[in-house]
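*Asks:* Here the sequence shown stands for residues 1 to 96, where the numbers follow full-length UniProt numbering.
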Amino acid sequence: MTVLGNKITGNSANLGQMIYNIGNIGTLNLTYLNNETITTKKGQNIIVYATLTDDMGNTVTRQIISFYLTSTHLADVVSTEGYANFTYNVTNNLIH
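Shown next, in the form of structure tokens:
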């Protein structure tokens, strides 16, 4: 399924106010850490987050987002209202 050109109005669902996904969706926009580079220090805890929307900016609920750092899998998080996050403990001095 591909989601393009959606206009959503009058939705009052408790969860999935825009798009509630119970299958697979292609052509979505994933933004993490506001597309910014951050400097971290060893031992620091940071909240890694991502937002998931379609091409019209509608948020997507119940999509699994997998987080990786240099090909190492860190977490799988289910999005709620287009948002997913987890806390990561930095093990080295890195720029992400």
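All C-beta atoms in this analysis are idealised placements derived from N, C-alpha and C, irrespective of residue type, glycine included.
Can you give me the start and stop residues for the beta strand (DSSP E) that V48 sits inside?
*Replies:* Run containing V48: 45-53, per the beta strand (DSSP E) assignment.
*Asks:* Tell me whether T2 is buried or exposed, calling it buried when 16 or more other Cβ atoms sit within 10 Å of its Cβ.
*Replies:* Because T2 carries a pLDDT of 48, less than 50, the predicted location of this residue cannot be relied on, and the following value inherits that uncertainty. The residue in question, T2, is exposed, as its Cβ has fewer than 16 Cβ neighbours within 10 Å.
*Asks:* Taking 6 angstroms as the cut-off, is the beta-carbon of L33 closer than that to any non-hydrogen atom of the ligand FMN?
*Replies:* With respect to the ligand FMN, the structure shown offers nothing to examine, as it has no ligands at all.
*Asks:* Per DSSP, which one or two residues make a beta bridge with L30?
*Replies:* L52
*Asks:* Quick test of the definition: if touching needs 3 or more C-beta pairs under 8 angstroms, does the segment 69-78 touch the segment 38-47?
*Replies:* no
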